[in-house]
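Undergrad:
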Amino acid sequence: MSDSRQLWENYAACWSADPGERLAALGTVAVEDVAYRDPGTEVGALTELAAYMAGFAGAFPGHRFRIDEVLEHHDRSLARWTQLGEQGEPVMAGVSTALHRDGRLADITGFFLPS
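Okay, structure coming up:
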(Lines of atoms letter the chains of each structure in order from A and count residues from 1; the text may use other names and numbers.)
(Lines give C-alpha, C1' and ligand atoms only; values in the text may rest on other atoms or scores of the structure.)
Protein backbone atom coordinates (compact mmCIF):
# COMPACT_ATOMS: atom_id res chain seq x y z
CA MET A 1 0.00 0.00 0.00
CA SER A 2 1.40 3.41 -0.94
CA ASP A 3 1.97 6.11 1.67
CA SER A 4 -0.78 8.20 0.05
CA ARG A 5 -3.20 5.27 0.09
CA GLN A 6 -2.51 4.71 3.80
CA LEU A 7 -2.93 8.43 4.47
CA TRP A 8 -6.34 8.44 2.79
CA GLU A 9 -7.37 5.23 4.62
CA ASN A 10 -6.47 6.82 7.96
CA TYR A 11 -8.22 10.08 7.00
CA ALA A 12 -11.38 8.18 6.00
CA ALA A 13 -11.40 6.45 9.39
CA CYS A 14 -11.52 9.85 11.11
CA TRP A 15 -15.05 10.43 9.78
CA SER A 16 -16.39 7.53 11.87
CA ALA A 17 -13.84 7.67 14.71
CA ASP A 18 -14.76 7.73 18.38
CA PRO A 19 -15.59 11.37 19.22
CA GLY A 20 -12.97 11.47 21.98
CA GLU A 21 -10.25 10.27 19.60
CA ARG A 22 -11.24 12.06 16.39
CA LEU A 23 -9.17 15.25 16.77
CA ALA A 24 -5.99 13.37 17.73
CA ALA A 25 -6.46 10.90 14.86
CA LEU A 26 -7.11 13.74 12.44
CA GLY A 27 -3.95 15.49 13.61
CA THR A 28 -1.87 12.53 12.45
CA VAL A 29 -3.15 12.81 8.86
CA ALA A 30 -3.84 16.54 8.37
CA VAL A 31 -1.88 19.70 9.12
CA GLU A 32 -3.13 22.12 11.81
CA ASP A 33 -4.24 24.73 9.25
CA VAL A 34 -5.87 22.20 6.93
CA ALA A 35 -8.31 23.70 4.43
CA TYR A 36 -11.35 21.53 3.65
CA ARG A 37 -14.24 22.11 1.30
CA ASP A 38 -17.06 20.11 -0.21
CA PRO A 39 -20.34 21.25 -1.81
CA GLY A 40 -21.85 21.92 1.63
CA THR A 41 -19.07 23.59 3.59
CA GLU A 42 -15.67 25.18 3.77
CA VAL A 43 -13.54 25.07 6.93
CA GLY A 44 -10.01 26.20 7.67
CA ALA A 45 -8.52 24.44 10.67
CA LEU A 46 -8.13 21.01 12.23
CA THR A 47 -10.65 21.70 15.00
CA GLU A 48 -13.24 22.99 12.50
CA LEU A 49 -12.81 19.91 10.32
CA ALA A 50 -13.12 17.63 13.36
CA ALA A 51 -16.35 19.42 14.32
CA TYR A 52 -17.69 19.02 10.76
CA MET A 53 -16.84 15.31 10.91
CA ALA A 54 -18.69 15.05 14.23
CA GLY A 55 -21.76 16.59 12.59
CA PHE A 56 -21.53 14.05 9.77
CA ALA A 57 -21.26 11.18 12.27
CA GLY A 58 -24.33 12.49 14.10
CA ALA A 59 -26.34 12.83 10.90
CA PHE A 60 -25.26 9.43 9.52
CA PRO A 61 -24.74 7.10 12.50
CA GLY A 62 -22.92 3.90 11.64
CA HIS A 63 -21.74 5.17 8.25
CA ARG A 64 -18.11 5.06 7.17
CA PHE A 65 -15.98 5.72 4.11
CA ARG A 66 -14.15 3.17 2.00
CA ILE A 67 -11.22 4.33 -0.11
CA ASP A 68 -11.54 2.65 -3.51
CA GLU A 69 -8.58 4.10 -5.40
CA VAL A 70 -5.79 6.62 -4.90
CA LEU A 71 -3.81 8.40 -7.61
CA GLU A 72 -0.84 10.59 -6.74
CA HIS A 73 1.91 12.81 -8.11
CA HIS A 74 3.85 15.95 -7.10
CA ASP A 75 2.60 16.15 -3.48
CA ARG A 76 -1.01 15.85 -4.63
CA SER A 77 -3.44 12.99 -4.59
CA LEU A 78 -6.94 12.05 -5.65
CA ALA A 79 -8.99 9.47 -3.76
CA ARG A 80 -12.10 7.79 -5.12
CA TRP A 81 -14.34 6.81 -2.20
CA THR A 82 -17.66 5.24 -1.31
CA GLN A 83 -19.80 6.14 1.70
CA LEU A 84 -21.12 2.94 3.26
CA GLY A 85 -24.24 2.69 5.37
CA GLU A 86 -24.75 0.84 8.64
CA GLN A 87 -25.00 -2.53 6.89
CA GLY A 88 -22.04 -1.83 4.58
CA GLU A 89 -24.25 -0.91 1.65
CA PRO A 90 -23.05 1.83 -0.75
CA VAL A 91 -24.86 5.11 -0.08
CA MET A 92 -22.87 7.69 -2.04
CA ALA A 93 -19.70 7.89 -4.11
CA GLY A 94 -17.27 10.71 -4.62
CA VAL A 95 -13.74 11.85 -5.19
CA SER A 96 -11.52 14.02 -3.05
CA THR A 97 -8.29 15.74 -3.94
CA ALA A 98 -5.57 16.95 -1.62
CA LEU A 99 -2.32 18.83 -1.52
CA HIS A 100 0.17 17.16 0.81
CA ARG A 101 2.53 19.00 3.16
CA ASP A 102 4.98 17.36 5.54
CA GLY A 103 3.47 13.95 4.80
CA ARG A 104 -0.07 15.02 5.77
CA LEU A 105 -3.12 16.40 3.99
CA ALA A 106 -3.08 20.20 3.77
CA ASP A 107 -5.82 21.23 1.35
CA ILE A 108 -8.73 18.85 0.73
CA THR A 109 -11.59 19.25 -1.73
CA GLY A 110 -14.40 16.71 -1.90
CA PHE A 111 -16.82 16.14 -4.78
CA PHE A 112 -20.00 14.07 -4.59
CA LEU A 113 -20.70 12.04 -7.71
CA PRO A 114 -24.23 11.91 -9.13
CA SER A 115 -26.06 8.66 -8.45
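Sequential numbering of the sequence shown, starting at 134, is according to my numbering.
Ideal Cβ positions, reconstructed from N, Cα and C, are used throughout, including at glycine.
Starting from residue 239, trace the beta strand (DSSP E) both ways and give me its first and last residue.
TA: Sequence index remark: in the sequence shown, residue 239 carries index 106 (1-based). Start and end: 237–245.
Undergrad: State the Cα-Cα distance for the pair residue 224 and residue 217, rounded to the nearest angstrom.
TA: Within the sequence shown, numbered from 1, the residue matching residue 224 stands at position 91. Within the sequence shown, numbered from 1, the residue matching residue 217 stands at position 84. Roughly 5 Å separates the two Cα atoms.
Undergrad: Once you ignore the five residues that flank residue 177 on each side, which residues in its own chain have a CB closer than 6 Å to its CB?
TA: For the purposes of this step, residue 177 is identified with residue 44 of the sequence shown, where counting begins at 1. Excluding residues within five positions, the ones whose Cβ falls inside 6 Å are 168.
Undergrad: At the level of alpha carbons, what is the spacing between residue 240 and residue 165?
TA: As a working mapping, residue 240 is identified with position 107 in the sequence shown. As a working mapping, residue 165 is identified with position 32 in the sequence shown. Approximately 11 Å between the Cα atoms of the pair.
Undergrad: Let me check understanding here. Comparing Cα to Cα, which of 162, 185, 159, 194 lies closest to residue 171?
TA: Here residue 171 is taken as the residue at index 38 of the sequence shown, counted from 1. It is 185.
Undergrad: Identify which residue in 242, 195, 236, 200 has its Cα closest to the Cα of residue 208.
TA: Reading the sequence shown from its first residue, position 75 is the one you call residue 208. Answer by Cα proximity: 236.
Undergrad: When you compare each of 246, 232, 159 to residue 142 by their alpha carbons, which one comes out closest?
TA: Along the sequence shown, one-based indexing puts residue 142 at 9. Comparing Cα-Cα distances from residue 142 to each of 246, 232, 159, the minimum goes to 159.
Undergrad: To the nearest angstrom, how far is it from the Cα of residue 258 to the Cα of residue 161?
TA: No answer is possible for residue 258: the residues shown for the chain start at 134 and end at 248.
Undergrad: Quick check on DSSP: helix, strand or coil for residue 208?
TA: Taking the sequence shown and counting its residues from 1, one reaches residue 208 at position 75. Of the three classes helix, strand and coil, the one that applies to residue 208 here is coil, per DSSP.
Undergrad: Any idea if residue 244 is buried or exposed, counting beta-carbon neighbours within 10 angstroms, 16 or more meaning buried?
TA: Reading the sequence shown from its first residue, position 111 is the one you call residue 244. Counting Cβ neighbours within 10 Å, residue 244 comes out exposed, since fewer than 16 surround it.
Undergrad: Taking the straight line between their C-alpha atoms, what separation do you get for residue 156 and residue 247?
TA: Within the sequence shown, the letter at position 23 stands for residue 156. Within the sequence shown, the letter at position 114 stands for residue 247. Approximately 30 Å, taken between the alpha carbons.
Undergrad: In angstroms, rounded to a whole number, what distance separates the CA positions of residue 149 and residue 206?
TA: Here residue 149 is taken as the residue at index 16 of the sequence shown, counted from 1. Here residue 206 is taken as the residue at index 73 of the sequence shown, counted from 1. The alpha-carbon atoms of residue 149 and residue 206 are separated by roughly 28 Å.
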